[in-house]
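J.: Okay, handing you the structure first.
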DNA sequence: ATTAGCACTCAGAAAGAAAGAGTGCTAAGC
DNA sequence: GCTTAGCACTCTTTCTTTCTGAGTGCTAAT
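Protein chains in written order, with the working numbering: chain A, 125 to 480; chain B, 125 to 480.
Structure representation (structure tokens):
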């Protein structure tokens, strides 16, 4: 059953208003809108129809209407109008984007904090591997007699390190030898390509440092098999700024007990559609604790087989258009930053007028 | 004015009860305590005195008493009795302590999560340098033509890395040369010992890779000068589990707006006393937003010039004894783990009764 | 010095009353 | 036949009022 233009217009108006007020919207408020040419009575009739269709809900008889999850979904898929960032908003986004370029993980975490701040909602970031990971470089550095640090560089410019306590005494040259062997034989291989045979060969070539091989290899395999980087979730408290959680601290707590890091990294699996922006609206989340919670996700390109995801968590009544616009801006610029690698530069924009 | 034994006993009882019930404590409840040999009337008199002295407060005339900040302070300093961890508690702490040994930062963050979970309160961890940092090892790894990763190992087994976009074309051997030069001349020096002269010398020796030198050195100096590692703050939401914040989401939000990472790393500066455990009780926090919030901090040894701090954030009415006991257990075992380096092992403890 | 007894206070719960926003329906208008 | 004005009705919200009970502080007795 197709909606008439008028119905669409009304539904859109209801979502728009409800999103910003968090109060049920009455027919009068709609009728008062500048480009609404009908009386409140007509609108009441249409609202009754939309409720019938399951796109609106009524908290109680004498209240206005609020969008149902289906209503939000329709709004997102068809009705939502691009939100244009104001100059002020663009400017503060740009300022924020001046991240210090640093370790990858720290950057991701900083991006999360930024997004959370700019949207005033909890946000997360994850990096996900697109292609099979391979090791690019091994390094073994002795820190004290008996302990070394293993530095492992993977595709995607990911650097991992681990402090290893040595099972045997090893000298510097022996360590160098092992590193050379590892770099010669274990780089550019995916986890599957690292066979037992190969390991035997490496162990034989490793000389005195042979007992170290399994330690190094296990760590390497573990790293190679990791599909996701760390999940950086921040700004949880900002959920409390939303009226629906203001006096429902318990609910807010539940949300983040459910939406832990594991769940977040599995989110893409339950997505209804593909695309760079994705929405999980209220009950589309499987967990019942999240039935009033929505997530907006945006992908961005990191390059070298990695992909980043930024997500924003909020009440079902959230400003999808605005959040999408802001996330989009982030994604675009982050993609650019990461691809060009450092130095990180937000798009050139002389932050006043530019001279002729 | 010294307290009588009976007054001490009553004050201690009030804190103990209030801490666990979060309700004002009446004279009757105290009198009902097994080892309380006096009638409620007597206790009422003593309570009036204690109130006079500023150690107790009365939310309103017809309510019981609650400890004042000064009361808590006295309790902490003199009255608090060691909380004995139950076998169950020890066991779950031990289970929790089986951290996967991994990157330092990740471990610290995991410790924070753990402490937060075990105390059911927000927690943070920081690593602080005790002695001057020096670089231990440099590594330059080419990831793609035009970009390299700089891996820097510092004292304290801290590994930093940074993706560097090259200003000039450099070949592998040139990179190797630079790394060798850096390792030869820049290691084991504190930030102050790295002089302009020295840098000139390095630049001259660096050959084609000379333009890279300032990039590397700047990053190195930045790392060396960092007094604190990252602050890992987690479990903020758990503050909402506390009755005083249950219906005061706003207050909880304020707490963490104020208690940001910067403030946390400066906390030690405002401490009233020295020692491995430290308490910041309610209004002893300078920020007025934190006047109902306490922090318990515990130091632990990491070795190699580094020191860790675990902190727990809670309402002023928090179970100082229990938290202290748990933190102490963590600190002790973490200290042991970090010093021995990996593999991380919680103390051997046959998790039942030990045989004679 | 301690305690029983009692009048008094005051927050919080429960119950009732009033206000107001918004609906659905009916009947009139274009 | 679609649209709209009018109106009775519903139901939340808010404000009062009343009631209850825990707890105190004081006085007088032990």
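Every residue gets a Cβ at the ideal spot worked out from N, C-alpha and C, and that includes glycine.
Could you tell me the distance, in whole angstroms, from the CA atom of residue 140 of chain A to the CA atom of residue 148 of chain A?
T.: As a position in the first chain, residue 140 of chain A is number 16, starting the count at 1. As a position in the first chain, residue 148 of chain A is number 24, starting the count at 1. Those two C-alpha atoms are separated by around 11 Å.
J.: Whole alpha helix (DSSP H) runs in the region 288 to 360 of chain A with 4 or more residues, listed along the chain?
T.: 296 to 309, 320 to 329, 336 to 349
J.: Decide if the region 163 to 174 of chain B is in contact with the region 225 to 240 of chain B; the criterion is three or more beta carbon pairs, one per stretch, under 8 Å apart.
T.: no
J.: If we define contact as Cβ-Cβ less than 7 Å, is residue 377 of chain B a contact residue for chain A?
T.: Taking the first residue of the second chain as 1, we reach residue 377 of chain B at position 253. It does: the Cβ of residue 377 of chain B has a partner Cβ on chain A nearer than 7 Å.
J.: Within a Cβ cutoff of 6 Å, which residues of the same chain sit near residue 343 of chain A, ignoring the five residues on either side of it in sequence?
T.: Stepping through the first chain from its first residue, residue 343 of chain A is reached at position 219. For residue 343 of chain A, where only same-chain residues beyond five positions count, the Cβ hits under 6 Å are 286.
J.: Counting pairs of Cβ atoms below 8 Å between the region 326 to 333 of chain A and the region 299 to 318 of chain A, do you hit three or more?
T.: yes
J.: Using the DSSP secondary-structure output, state which residues sit across from residue 427 of chain A in a beta bridge.
T.: Counted from its first residue, the first chain places residue 427 of chain A at position 303. Beta-bridge pairing links residue 427 of chain A to A/430.
J.: Please look up how many angstroms separate the CB atoms of residue 434 of chain B and residue 282 of chain B, rounded, as I've assumed it's under 8 Å.
T.: Mapped onto the second chain, residue 434 of chain B falls at position 310. Mapped onto the second chain, residue 282 of chain B falls at position 158. That belief does not hold up - the Cβ atoms of residue 434 of chain B and residue 282 of chain B are roughly 18 Å apart, past 8 Å.
J.: Consider the Cβ of residue 349 of chain B: report whether some Cβ of chain A lies at a distance smaller than 7 Å.
T.: If you number the second chain from 1, residue 349 of chain B lands on position 225. So no, residue 349 of chain B is outside the interface.
J.: At a CB distance below 7 Å, what residues from the region 255 to 277 of chain A approach chain B? Give them in sequence order.
T.: For the region 255 to 277 of chain A, which is checked against every Cβ of chain B, the residues closer than 7 Å are 260, 261, 263, 265, 267, 271, 273, 275, 277.
J.: For residue 409 of chain B, count neighbouring C-beta atoms within 10 Å of its own C-beta (all shown protein chains included) and say buried if the count is 16 or more, exposed if not.
T.: Position 285 of the second chain, counting from 1, holds the residue named residue 409 of chain B. Residue 409 of chain B should be labelled buried.
J.: Contact criterion: CB-CB distance below 7 Å. Does residue 234 of chain B meet it with respect to chain A?
T.: Taking the second chain and counting its residues from 1, the one referred to as residue 234 of chain B is at position 110. Taking Cβ atoms only, chain A never reaches closer than 7 Å to residue 234 of chain B, which makes this a no.
J.: Report yes if the CB atom of residue 217 of chain A is closer than 7 Å to the CB atom of residue 453 of chain A, and no otherwise.
T.: In the first chain, residue 217 of chain A corresponds to position 93, counting from 1. In the first chain, residue 453 of chain A corresponds to position 329, counting from 1. Closer than 7 Å, so yes.
J.: Using a Cβ-Cβ cutoff of 8 Å, what residues of the region 338 to 366 of chain B are near chain A? List them in chain order.
T.: 354, 360, 361, 362, 364, 365
J.: For residue 471 of chain A, decide whether its Cβ has a neighbour in chain B, counting only Cβ atoms nearer than 7 Å.
T.: Indexing the first chain from 1 puts residue 471 of chain A at position 347. Any reading at residue 471 of chain A must be qualified, since the residue scores a pLDDT of 45, below 50, and its modelled position is unreliable; no value is offered.
J.: Might you give, ordered along the chain, the residues of its own chain that have their beta carbon closer than 8 Å to the beta carbon of residue 175 of chain B, omitting 5 neighbours on each side?
T.: In the second chain, residue 175 of chain B corresponds to position 51, counting from 1. Contacts found: 181, 182, 189.
J.: Residues in the same chain with beta-carbon distance under 7 Å from residue 365 of chain B, minus the five sequence neighbours each way, listed in chain order, please.
T.: As a working note, residue 365 of chain B is residue 241 in the second chain. 244, listed in sequence order.
J.: Report yes or no: is there a C-beta of chain B within less than 7 Å of the C-beta of residue 313 of chain A?
T.: Walking along the first chain from the start, residue 313 of chain A turns up at place 189. Not one chain B Cβ lies under 7 Å of residue 313 of chain A.
J.: Can you tell which of A/358, A/269, A/313 has its C-alpha closest to the C-alpha of residue 255 of chain A?
T.: For the purposes of this step, residue 255 of chain A is identified with residue 131 of the first chain, where counting begins at 1. Answer by Cα proximity: A/313.
J.: For residue 163 of chain B, is the classification buried or exposed, using 16 other Cβ atoms within 10 angstroms of its Cβ as the cut-off for buried?
T.: Numbered from 1 along the second chain, position 39 holds the residue referred to as residue 163 of chain B. Classification of residue 163 of chain B: exposed, given that the 10 Å Cβ count is below 16.
J.: Rounded to the nearest angstrom, what separates residue 153 of chain A and residue 160 of chain A at their Cα positions?
T.: As a first step, residue 153 of chain A is located in the first chain; it is residue number 29 there, counting from the start. As a first step, residue 160 of chain A is located in the first chain; it is residue number 36 there, counting from the start. In a straight line, the C-alpha of residue 153 of chain A is about 10 Å away from that of residue 160 of chain A.
J.: At 8 Å on the CB atoms, spell out the chain A contacts of residue 380 of chain B, in chain order.
T.: Along the second chain, one-based indexing puts residue 380 of chain B at 256. The answer, in chain order, is 361.
J.: Take residue 319 of chain B and list the residues in its own chain whose beta-carbon comes closer than 8 Å to its own, dropping the five residues that flank it on each side.
T.: Numbered from its first residue, the second chain carries residue 319 of chain B at position 195. Nothing listed; no residue qualifies.
J.: Along chain A, in chain order, which residues have C-beta atoms closer than 7 Å to that of residue 328 of chain B?
T.: Within the second chain, the letter at position 204 stands for residue 328 of chain B. Going along chain A, no residue has its Cβ under 7 Å from residue 328 of chain B, so there is no contact; the nearest lies around 25 Å.
J.: Give the single residue among B/394, B/361, B/390 whose Cα lies nearest to the Cα of residue 378 of chain B.
T.: Mapped onto the second chain, residue 378 of chain B falls at position 254. Cα-wise, what sits closest to residue 378 of chain B is B/361.
J.: Enumerate, from N- to C-terminal direction, the unbroken beta strand (DSSP E) stretches of 3 or more residues contained entirely within the region 369 to 427 of chain B.
T.: 401 to 404, 417 to 427
J.: Residues of chain B with CB closer than 8 Å to the CB of residue 370 of chain A, please, in chain order.
T.: Within the first chain, numbered from 1, the residue matching residue 370 of chain A stands at position 246. 373, 374, listed in chain order.
J.: Rounded to whole angstroms, what is the Cα-Cα separation between residue 340 of chain B and residue 308 of chain A?
T.: In the second chain, the residue the question calls residue 340 of chain B occupies position 216. In the first chain, the residue the question calls residue 308 of chain A occupies position 184. If you take the alpha carbons of residue 340 of chain B and residue 308 of chain A, they lie about 27 Å apart.
J.: Could you work out which residues of chain B lie near residue 132 of chain A, taking near to mean beta carbons separated by less than 7 Å?
T.: If you number the first chain from 1, residue 132 of chain A lands on position 8. In chain order: nothing, as chain B lies at least about 36 Å away.
J.: Need the endpoints of the beta strand (DSSP E) that residue 248 of chain B sits in, please.
T.: Here residue 248 of chain B is taken as the residue at index 124 of the second chain, counted from 1. Here the beta strand (DSSP E) through residue 248 of chain B covers 247 to 253.
J.: Mind listing the chain B neighbours of residue 206 of chain A? Cutoff is C-beta to C-beta under 7 Å, in chain order.
T.: As a first step, residue 206 of chain A is located in the first chain; it is residue number 82 there, counting from the start. Within 7 Å Cβ-Cβ: nothing; residue 206 of chain A doesn't reach chain B, min ~31 Å.
J.: If you compare alpha carbons, which of A/266, A/367, A/276, A/145 is closest to residue 289 of chain A?
T.: Stepping through the first chain from its first residue, residue 289 of chain A is reached at position 165. That would be A/266, whose Cα lies nearest to the Cα of residue 289 of chain A.
J.: If you follow the alpha helix (DSSP H) that residue 168 of chain A is in, where does it begin and where does it stop?
T.: Residue 168 of chain A sits at position 44 when you count from the first residue of the first chain. First-last of the alpha helix (DSSP H) with residue 168 of chain A: 164 to 176.
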